[in-house]
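Note that UniProt numbering has the sequence shown beginning at 1, numbered continuously upward. Heads up, the thing below is written out as structure tokens.
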Amino acid sequence: MSTFATENTQATPGSQAPAVSVRGLNKAYGDLEVLRGIDLTVHPGEVVCLIGPSGSGKSTLLRCLNLLEEPQSGDITVSGFDVTDPDIDVDAMRRNVGMVFQQFNLFPHLTVLENCTVSQVKVLKRSNAEAEQTAMTNLERVGLVEKAQQRPGQLSGGQQQRVAIARALSMNPDLMLFDEPTSALDPETVGDVLAIMRTLANEGMTMLVVTHEMSFARDVADRVVFMDGGVVVEEGPAREVIGSPKHERTRSFLSRVLNPTKVDTPE
Ligand SMILES: Nc1ncnc2c1ncn2[C@@H]1O[C@H](COP(=O)(O)OP(=O)(O)OP(=O)(O)O)[C@@H](O)[C@H]1O
Ligand SMILES: [Mg+2]
Numbered sequence: 001m002s003t004f005a006t007e008n009t010q011a012t013p014g015s016q017a018p019a020v021s022v023r024g025l026n027k028a029y030g031d032l033e034v035l036r037g038i039d040l041t042v043h044p045g046e047v048v049c050l051i052g053p054s055g056s057g058k059s060t061l062l063r064c065l066n067l068l069e070e071p072q073s074g075d076i077t078v079s080g081f082d083v084t085d086p087d088i089d090v091d092a093m094r095r096n097v098g099m100v101f102q103q104f105n106l107f108p109h110l111t112v113l114e115n116c117t118v119s120q121v122k123v124l125k126r127s128n129a130e131a132e133q134t135a136m137t138n139l140e141r142v143g144l145v146e147k148a149q150q151r152p153g154q155l156s157g158g159q160q161q162r163v164a165i166a167r168a169l170s171m172n173p174d175l176m177l178f179d180e181p182t183s184a185l186d187p188e189t190v191g192d193v194l195a196i197m198r199t200l201a202n203e204g205m206t207m208l209v210v211t212h213e214m215s216f217a218r219d220v221a222d223r224v225v226f227m228d229g230g231v232v233v234e235e236g237p238a239r240e241v242i243g244s245p246k247h248e249r250t251r252s253f254l255s256r257v258l259n260p261t262k263v264d265t266p267e
């Protein structure tokens, strides 16, 4: 069991209930139906990678999970919270869910340490001393203790993303959502971020990860979910979906992602 997960004292009714349960989720922007009847389950301690082409609805799905988007219909529970209940305590739900975005979204005017403490103090009402101790523990985990007093602008992209992960972990979430956390990084820093995510996964953190990093998905994920056109086309054990996909759409997506420079020659 994760050291991060066990420390959480928030209400999590039914600890063996799924960490994420999505049933019949529909989301449209005007006439554009972006999610069309999505079902998805993530069990506690599980790592699920969400893959699929641009525009297939991956980010929208993640955003529906913590109510950054409001779905038209469907049932969603996250960490025991009924997300579609109009009376939900949104702040309480979000305290249990760490989110890491493609763009790191750090506060540029705050130090690395302050970025990791501000929500702990404001939202969790921790003392400054306790927040700093938790932040330093997590900065150590991501290998950035020596950068604690610097500002994000003085760090590389990969280092900033590691700070974003430390910041999320400092809230002791039950669940971490990652939306293409390495897509904006220089190739040489991608490995550092993936290594930290791999460690978190090994420690038992429940993770839902949108990624184009197929070797990470194959090696780290318990399950892979392939989305296209707002529906789940195929899901299963990572090695099966990536190694021997059943559906033609999955196959053609994977061949494009795994051979990005391959140009189809006309017959
Ligand atoms: N706020 C919005 N208003 C209108 N349309 C939107 C909005 N957000 C997303 N969309 C549309 O919804 C569809 C799904 O977008 P989404 O960002 O979820 O895709 P994605 O799978 O994350 O793609 P990518 O791999 O490029 O990040 C796209 O057609 C997008 O243009
Ligand atoms: Mg996206």
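Virtual Cβ for every residue (Gly too), placed ideally from N, Cα, C. Please read these numbers as outputs of a predicted model, since none were measured by experiment.
Checking 8 Å against the spacing of the C-beta atoms, do residue i and residue j come in under that value?
i	j	result
GLN102	PRO53	no
GLN160	PHE104	yes
ILE38	VAL224	no
ALA221	ALA195	no
VAL118	LEU110	yes
LEU144	ALA166	yes
VAL83	PHE178	no
GLY157	ALA129	no
ARG162	ASP192	yes
MET171	GLN120	yes
ILE76	VAL112	no
Give the single residue among the options whose Cα lies nearest to the Cα of residue i.
i	options	result
ALA135	GLU114, LYS122 and MET197	GLU114
ARG63	ASN26, PRO44, SER156 and ASP31	ASN26
THR211	GLU130, ILE242, LEU106 and GLY153	ILE242
LEU200	PRO187, GLU188, THR189 and PHE216	PHE216
MET197	GLY236, VAL142 and GLU188	VAL142
GLY204	LYS147, ASP85, GLU46 and PRO245	GLU46
Within a Cβ cutoff of 8 Å, which residues of the same chain sit near residue i, ignoring the five residues on either side of it in sequence?
i	result
GLN10	Confidence at GLN10 is low in this model, with a pLDDT of 41, below 50, so its placement is unreliable and the value that follows should be read with caution. Result list for GLN10: SER79, ALA92, ARG95, ASN96 and ASP174, in chain order.
GLN16	PRO44
PHE253	ILE51, GLY52, PRO53, PHE226 and ASP228
THR60	LYS27, VAL34, LEU35 and GLU69
VAL123	ASP91, ARG95 and MET171
Once you ignore the five residues that flank residue i on each side, which residues in its own chain have a CB closer than 7 Å to its CB?
i	result
GLY229	SER56
residue 285	In the structure as shown, the chain begins at 1 and stops at 267. Residue 285 is therefore absent and cannot be evaluated.
GLN72	ASN26, LYS27 and ALA28
LEU258	MET214
ARG256	none
Under the rule that 16 or more other beta-carbon atoms within 10 Å means buried, what is residue i, buried or exposed?
i	result
GLU213	buried
GLU140	exposed
PRO152	buried
PHE58	A small correction: the amino acid at residue 58 is Lys; Phe does not occupy that position in the sequence shown. Buried.
LEU32	exposed
LEU35	buried
THR261	exposed
GLN154	exposed
GLU132	buried
VAL90	exposed
GLU248	exposed
GLY30	exposed
PRO245	buried
Within its chain, find whatever has a CB closer than 6 Å to the CB of residue i; leave out the 5 residues flanking it on each side and keep chain order.
i	result
ARG126	GLN120
- Neighbourhood of ligand 1 [Cβ distance below 5 Å to any heavy atom], ordered by chain position: TYR29, VAL34, SER54, GLY55, SER56, GLY57, LYS58, SER59 and THR60
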